[in-house]
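Asks: Numbering (our numbering), first residue to last: 823 to 913.
Quick reminder that beta carbons are idealized off the backbone N, C-alpha and C, glycines included.
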Amino acid sequence: MKAVKKILGILLIIIGALLSLSLIVGILKALMQSIGVLGKSTYEGIGFLFGTFIMMVIFGIIIYFIFKYGFKLLKTKALPQDTIDDIGLTK
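Take a look at the structure:
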């Protein structure tokens, strides 16, 4: 079960990295398109820019949770530590 969790965690991190790269490229592409649309019509350009911004924020939130869950699957549980007082005691 631990191996499956680690594999799924690594896959989620890889998917998150690929999606974040596509988000960066998408933001740059959308900015270039919105500059062109703003030159044609102000209202249409503002709507396009606002809609693109909202979609990129939603996409970024999804990527954040993919990374968060991927790292959660990779994290190992901490073993409980005995205190110094409990080491010498017998029950």
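For Gly-869, which of Gly-838, Ser-856 and Met-878 has the nearest alpha-carbon?
Replies: As a working note, residue 869 is residue 47 in the sequence shown. It is Ser-856.
Asks: Between the beta-carbon of Phe-872 and the beta-carbon of Leu-845, is there less than 8 Å?
Replies: Residue numbering aside, residue 872 sits at position 50 when the sequence shown is read from its first letter. Residue numbering aside, residue 845 sits at position 23 when the sequence shown is read from its first letter. Not in contact: Phe-872 and Leu-845 (Cβ atoms no closer than 8 Å).
Asks: Please say whether Leu-896 and Lys-824 have beta carbons closer to each other than 8 Å?
Replies: Against the sequence shown, residue 824 aligns to sequence position 2. Against the sequence shown, residue 896 aligns to sequence position 74. Cβ atoms of Lys-824 and Leu-896: not closer than 8 Å.
Asks: Please identify the residue among Met-878, Leu-830 and Gly-861 whose C-alpha is closest to the C-alpha of Gly-848.
Replies: Start at 1 with the first residue of the sequence shown, and residue 848 comes out as number 26. The option with the nearest alpha carbon to Gly-848 is Met-878.
Asks: Assuming Ile-885 contacts Leu-841 (C-beta within less than 8 Å), just tell me the rounded distance between them.
Replies: For this step, residue 885 is matched to residue 63 along the sequence shown. For this step, residue 841 is matched to residue 19 along the sequence shown. Yes, Ile-885 and Leu-841 are in contact; Cβ-Cβ is about 5 Å, under 8 Å.
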